[in-house]
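Asker:
Chains as they are written, first to last, in the numbering used here: chain U, 1 to 390; chain D, 1001 to 1167.
(1) What three-state label does DSSP hand residue 253(U) in the structure shown?
(2) Note down the Cα distance separating residue 1139(D) from residue 322(U), rounded to an integer number of angstroms.
(3) Unbroken beta strand (DSSP E) runs of length 3 or more, entirely within the region 120–146 of chain U: which are they?
(4) Compute the Euclidean distance between the alpha carbons of residue 1014(D) and residue 121(U), then round it to the nearest angstrom.
(5) On the DSSP bridge assignment, give the partners of residue 171(U) in chain order.
(6) Can the beta-carbon of residue 59(U) be found closer than 8 Å to that of residue 40(U)?
(7) At least one CB of chain U closer than 8 Å to the CB of residue 1071(D): is that the case?
(8) Kindly indicate the opening and closing residues of the alpha helix (DSSP H) around residue 269(U).
(9) Quick check: residue 361(U) and residue 368(U), are their CB atoms within less than 8 Å of each other?
(10) According to DSSP, what are the bridge partners of residue 335(U)?
(11) Are the C-beta of residue 318(U) and some C-beta of chain D separated by less than 8 Å?
(12) Checking the sheet assignment: what are the DSSP bridge partners for residue 1113(D)?
(13) Can you find at least 3 beta carbon pairs, one from the region 1003–1018 of chain D and one from the region 312–326 of chain U, that sit closer than 8 Å?
(14) Could you work out which residues of chain U lie near residue 1147(D), taking near to mean beta carbons separated by less than 7 Å?
(15) On the three-state DSSP scale, how would you describe residue 389(U)?
(16) Taking only beta carbons into account, state which residues of the region 1098–1110 of chain D come closer than 7 Å to chain U, listed in chain order.
(17) Hey, residue 111(U) and residue 95(U): beta-carbon distance below 8 Å or not?
(18) From which residue to which residue does the beta strand (DSSP E) around residue 58(U) run?
(19) I'd like to know whether the C-beta of residue 381(U) is nearer than 8 Å to at least one C-beta of chain D.
(20) With a threshold of 8 Å between beta carbons, is residue 169(U) in contact with chain D?
(21) Does the beta carbon of residue 1150(D) sit closer than 8 Å to a beta carbon anywhere in chain U?
(22) For residue 1048(D), I'd like the list of residues in its chain whose CB is within less than 8 Å of its CB, leaving aside the five on either flank, ordered along the chain.
(23) Is any beta-carbon of chain U found at less than 8 Å from that of residue 1074(D)?
(24) Go ahead and label residue 219(U) buried or exposed: buried means 16 or more other beta carbons lie within 10 angstroms of its beta carbon, across all protein chains shown.
(25) In the DSSP assignment, what residue or residues form a beta bridge with residue 279(U)?
(26) Taking only the alpha-carbon atoms, compute the straight-line gap between residue 167(U) and residue 116(U) and give it to the nearest angstrom.
(27) How is the alpha helix (DSSP H) around residue 108(U) delimited, first residue to last?
(28) To which residues does DSSP link residue 403(U) through a beta bridge?
(29) Just the C-alpha distance for residue 437(U) and residue 50(U), rounded to the nearest angstrom, thanks.
(30) Looking at chain D, which residues of the region 351–365 of chain U have a Cβ within less than 7 Å of any of its Cβ atoms?
(31) In whole angstroms, give me the CA-to-CA distance for residue 108(U) and residue 7(U).
(32) Suppose only complete runs of 4+ residues qualify. What are the alpha helix (DSSP H) ranges in the region 1040–1101 of chain D, listed by chain order?
(33) Should residue 73(U) and residue 46(U) be called a contact, given that it needs their Cβ atoms to be closer than 8 Å?
(34) Which value, in whole angstroms, describes the spacing of the CA atoms of residue 388(U) and residue 315(U)?
(35) Going by the DSSP bridge assignment, what does residue 309(U) pair with across the sheet?
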């Protein structure tokens, strides 16, 4: 893999220098005015193009495109920045992509906010002719990354995959930290815990664009490098919002590791110099699916068992009081499957049906509250299923 | 409504049944009333405001609708939330012949006064005189996850929610 396959979000000149010295040439530059996490000031940009003449710089434009701010940003971009030889403009908002349709720059569409299906990606990229590269979402599993990479490549679109980035969980245009920390700082960064759950370590940053909350762990596919490097994609590395002063060593070591060994055995030592833990997100396996599998009631999903309703109360003399909510009419002689909240499961034959007037019935008719035969082990909140004939 | 908005979304996924029922009803009534009269009367506004104050909620804010939200829109007083009403039961059935069947969610006693959030109009007062179990036994104190029977009450329907004011 050539080092040109890596694109690095650089926070400052020192970081560019670290990576440039190792041979990397693709850098993302985030100006404060246009970038959610960028720290670059206007007067720092032009010298970069002279100093790092072999590098390609990419303009980051990923802020929320407010109606009232977009035109001002466009004016500013064309007045100050469109004369520089940017490699591309990296856009998050579809409106910004469209607004730049007349510019001379290729566009990298950052599809982190949705576009998790081929239809949306094809539709968007075919309408916006300036898009030459697509950065896929960091929530996609491996098989979809591979599939989309191949399909987009066949459309002559380049693909970029996040390799090491923070995971944005929450954004508000409001200044949520200022009331706590106080005014006077252009940017506030801190670590927070959840009041409502045991989760802690969330990285918070407030700046001129609002407040951002990130997952305590970084998204990292470094452990997957050996199998992923066969893909013809660009790999995006972004250590923000971690302050460069806190990850200076890690940044240098990562640049070296990617340029040389890429040995998995060295990863633990490498990660020791990074202030946050990392994870693979949904790339390898979606853990939610595993958890849901455990919680999933197979009888609900299975064709043989149709949900009927819930046991609301019980009495040994009257029976089980069932609220019917599954649109099923009960009839004497049917086979039912009962499942208690504690896990007890029983199959019974419906031998008794009584309405609220204590009249015996052959079927439940239009009633939605009905007594069925009493079953000792089945308490309130038990689920009732109809066993359907095959 | 004047701007032609067809639908509004009310947050409910992480909210209680009482919150959802109260807020949905208040907005449904407000929209219906505005559709009919093209204006809100002070009286109904006061009534809906008092209903919304009964549920446990964060401070209400217009967010960025009129002006960009500032720090006054940030809510940080969770510890001071005061519960003014609680869900007591859900109506399962209500007919003249069988009476009012309630799925109990919190304890109440004969002598208590509950309120039923009907789908239309103001809530209906429900003085509790006698409570019976599904076995027709007298109940002195209801227990959650049981069903109890009360005498029939006009205008109350299945799936109406029954609330109890907190002392």
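From the three backbone atoms N, C-alpha and C, an ideal C-beta is built for every residue, glycine too.
Answerer: Once the coordinates are examined:
(1) Working through the first chain from its first residue, we reach residue 253(U) at position 253. DSSP places residue 253(U) in helix when its eight states are reduced to three.
(2) Here residue 1139(D) refers to the residue found at position 139 of the second chain. Here residue 322(U) refers to the residue found at position 322 of the first chain. For residue 1139(D) and residue 322(U), the distance between alpha carbons rounds to 21 Å.
(3) 131–135
(4) Position 14 of the second chain, counted from the start, is the residue given in the question as residue 1014(D). Position 121 of the first chain, counted from the start, is the residue given in the question as residue 121(U). So the two alpha carbons sit approximately 32 Å from each other.
(5) As a first step, residue 171(U) must be located in the first chain, where it is residue number 171. In the DSSP output, where bridge partners are listed per residue, residue 171(U) has 212(U).
(6) For the purposes of this step, residue 59(U) is taken as residue 59 along the first chain, with counting starting at 1. For the purposes of this step, residue 40(U) is taken as residue 40 along the first chain, with counting starting at 1. Result no, Cβ atoms of residue 59(U) and residue 40(U) do not sit closer than 8 Å.
(7) Locating residue 1071(D) in the second chain gives position 71, counting from the first residue. Yes, residue 1071(D) counts as interfacial toward chain U.
(8) Taking the first residue of the first chain as position 1, residue 269(U) is located at position 269. From DSSP, the alpha helix (DSSP H) with residue 269(U) extends over 267–272.
(9) Looking up residue 361(U) in the first chain gives position 361. Looking up residue 368(U) in the first chain gives position 368. No, Cβ-Cβ distance for residue 361(U) and residue 368(U) is not below 8 Å.
(10) Indexing the first chain from 1 puts residue 335(U) at position 335. DSSP, once it has assigned bridges, lists 349(U) as partnering residue 335(U).
(11) Numbered from 1 along the first chain, position 318 holds the residue referred to as residue 318(U). Taking Cβ atoms only, chain D reaches closer than 8 Å to residue 318(U), which makes this a yes.
(12) Sequence index remark: in the second chain, residue 1113(D) carries index 113 (1-based). Paired residues: 1127(D).
(13) no
(14) Locating residue 1147(D) in the second chain gives position 147, counting from the first residue. By Cβ distance, chain U contributes 312, 313, 321.
(15) Counting from 1 along the first chain, the entry for residue 389(U) is found at position 389. Looking at residue 389(U) - three-state DSSP - the assignment turns out to be coil, as it is neither helix nor strand.
(16) 1098, 1101, 1103
(17) As a first step, residue 111(U) must be located in the first chain, where it is residue number 111. As a first step, residue 95(U) must be located in the first chain, where it is residue number 95. No; because the gap between Cβ atoms is not below 8 Å, this pair is not in contact.
(18) Locating residue 58(U) in the first chain gives position 58, where the first residue counts as 1. From DSSP, the beta strand (DSSP E) with residue 58(U) extends over 56–61.
(19) As a working mapping, residue 381(U) is identified with position 381 in the first chain. Yes, because at least one Cβ of chain D sits closer than 8 Å to the Cβ of residue 381(U).
(20) On the first chain, position 169 is the one that residue 169(U) refers to. False, the Cβ-Cβ gap to chain D never drops below 8 Å.
(21) Here residue 1150(D) corresponds to residue number 150 of the second chain, with the count starting at 1. For residue 1150(D), the answer is no, since every Cβ of chain U falls outside 8 Å of its Cβ.
(22) The residue you call residue 1048(D) lines up with position 48 of the second chain. 1026, 1029, 1030.
(23) Position 74 of the second chain, counted from the first residue, corresponds to residue 1074(D). So yes, residue 1074(D) belongs to the interface.
(24) Taking the first residue of the first chain as position 1, residue 219(U) is located at position 219. Classification of residue 219(U): buried, given that the 10 Å Cβ count is 16 or more.
(25) Within the first chain, residue 279(U) is the residue found at index 279, counting from 1. BP columns for residue 279(U) point to 219(U).
(26) In the first chain, residue 167(U) corresponds to position 167, counting from 1. In the first chain, residue 116(U) corresponds to position 116, counting from 1. About 16 Å.
(27) On the first chain, position 108 is the one that residue 108(U) refers to. Taken as a continuous stretch (DSSP letters only), residue 108(U) belongs to no alpha helix (DSSP H), being part of the beta strand (DSSP E) at 107–110.
(28) The structure shown has nothing for residue 403(U), since chain U only spans 1 to 390.
(29) Since the displayed chain U opens at 1 and closes at 390, residue 437(U) lies outside it and no answer follows.
(30) 356, 357
(31) Against the first chain, residue 108(U) aligns to sequence position 108. Against the first chain, residue 7(U) aligns to sequence position 7. Looking at the two C-alpha atoms, the distance is approximately 12 Å.
(32) 1042–1054
(33) Here residue 73(U) is taken as the residue at index 73 of the first chain, counted from 1. Here residue 46(U) is taken as the residue at index 46 of the first chain, counted from 1. Cβ distance not < 8 Å, so residue 73(U) and residue 46(U) don't count as in contact.
(34) As a position in the first chain, residue 388(U) is number 388, starting the count at 1. As a position in the first chain, residue 315(U) is number 315, starting the count at 1. If you take the alpha carbons of residue 388(U) and residue 315(U), they lie about 27 Å apart.
(35) Within the first chain, numbered from 1, the residue matching residue 309(U) stands at position 309. Residue 309(U) is bridged to 324(U), 384(U).
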